[in-house]
């Protein structure tokens, strides 16, 4: 079945460590997004990419990095520079230039800093 | 810039009650409008959408009408069930080539038996 797969679902990190969250899609979508969700705060855009080898900062990019080397993959690295990384992270994709702009979401990754 | 405003939650209802969750937006041009639903511990799923003025999106008993004159896209359901308990997000995708969606803050719905 087509969809978006995020892994791992749960991740624990010690302070000072970098961690990478995986996001893979087999929907042949051009655009991919990373969001952070904190309780009661809705979704905040971290990074987005509309084409391979290109990505743009969102509203809260500091302390995060991404790459888009393949159309189907958009991994997010949470670096040690991110001061408060404990959150629920959501990856999404969209057909972009075709369709109405609906986003397809993964199941999310919950990161906890110990 | 673009913005989406939703009513604050939580909204608490008894089973079979009528549901309205208000959503208004600010955007230039003719955005597409969406309602997404998020169940605990999961990602968001599209609930319904509307792409032009006066369109009505509907799914699983939920409805919302794209009202350009009032810049609104209120979510309604005639009879809620306990299984509808979730967080609901209103969102827009702007027209004109900027594929960056704007989300509301979400409204939590709790339905009691």
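Chains as they are written, first to last, in the numbering used here: chain L, 4 to 117; chain A, -17 to 95.
Glycine is no exception: its CB is placed at the ideal position from the N, C-alpha and C atoms.
Since the model is a prediction, treat every value here as computed from it, not as a measurement.
Terminal residues of the beta strand (DSSP E) in which residue i lies
i, result
"residue 64 of chain A", "Unbroken run through residue 64 of chain A: none, as it is neither H nor E."
"residue -15 of chain A", "-15 to -12"
"residue 30 of chain A", "26 to 32"
"residue 94 of chain A", "89 to 94"
"residue 45 of chain A", "44 to 47"
"residue 57 of chain A", "57 to 59"
"residue 50 of chain L", "46 to 54"
"residue 39 of chain A", "38 to 41"
"residue 7 of chain L", "7 to 10"
"residue 115 of chain L", "112 to 116"
"residue -6 of chain A", "-7 to -4"
"residue 23 of chain L", "22 to 28"
"residue 92 of chain L", "90 to 97"
"residue 16 of chain L", "13 to 16"
Where residue i meets chain A, residues with beta-carbon distance less than 7 Å
i, result
"residue 34 of chain L", "81"
"residue 105 of chain L", "16, 28 and 31"
"residue 6 of chain L", "Chain A residues near residue 6 of chain L: none, gap ~10 Å exceeds 7 Å."
"residue 24 of chain L", "The premise fails here: residue 24 of chain L is roughly 13 Å from chain A at the closest Cβ pair, so nothing lies under 7 Å."
"residue 97 of chain L", "81"
"residue 53 of chain L", "81"
Chain-ordered chain A contacts of residue i [CB-CB under 9 Å]
i, result
"residue 108 of chain L", "18, 20, 24, 25, 26, 27 and 28"
"residue 79 of chain L", "Under the 9 Å cutoff, chain A gives no residues; its nearest Cβ is about 14 Å from residue 79 of chain L."
Proximal chain L residues relative to residue i, where beta-carbon distance stays under 7 Å
i, result
"residue 85 of chain A", "45 and 46"
"residue 88 of chain A", "45"
Same chain, Cβ closer than 7 Å to residue i, neighbours up to 5 away in sequence not counted
i, result
"residue 110 of chain L", "9 and 12"
"residue 90 of chain L", "39, 40, 41 and 114"
"residue 61 of chain L", "48, 49, 50 and 51"
"residue 104 of chain L", "97"
Residue from the options whose Cα sits closest to the Cα of residue i
i, options, result
"residue 97 of chain A", "A:61, A:27, A:22 and A:37", "Limits of chain A in this structure are -17 at one end and 95 at the other, which puts residue 97 of chain A out of reach."
"residue 6 of chain L", "L:88, L:49, L:29 and L:54", "L:29"
"residue 157 of chain A", "A:63, A:-17 and A:55", "Absent from the model: residue 157 of chain A. The displayed extent of chain A is -17 to 95, so no value can be given."
"residue 37 of chain L", "L:80, L:43 and L:105", "L:80"
"residue 19 of chain L", "L:74, L:83 and L:77", "L:83"
"residue 53 of chain L", "L:65, L:68, L:96 and L:15", "L:96"
"residue 93 of chain A", "A:-16, A:-7, A:56 and A:86", "A:-7"
"residue 21 of chain A", "A:67, A:1 and A:40", "A:67"
"residue 77 of chain L", "L:15, L:112 and L:55", "L:55"
"residue 38 of chain A", "A:54, A:24 and A:82", "A:54"
"residue 8 of chain A", "A:-16, A:46, A:-11 and A:28", "A:-16"
"residue 112 of chain L", "A:84, A:3 and A:26", "A:26"
"residue 57 of chain L", "L:69, L:63, L:64 and L:65", "L:69"
Cβ-based neighbour list, residue i, same chain, cut-off 8 Å, excluding 5 preceding and 5 following
i, result
"residue 106 of chain L", "36, 95, 96 and 97"
Close Cβ partners of residue i (< 6 Å) along its chain, the five nearest in sequence each way excluded
i, result
"residue 88 of chain A", "69 and 71"
"residue 50 of chain A", "35"
"residue 16 of chain A", "31 and 73"
Proximal residues of chain A, C-beta to C-beta of residue i below 8 Å
i, result
"residue 111 of chain L", "23, 24 and 25"
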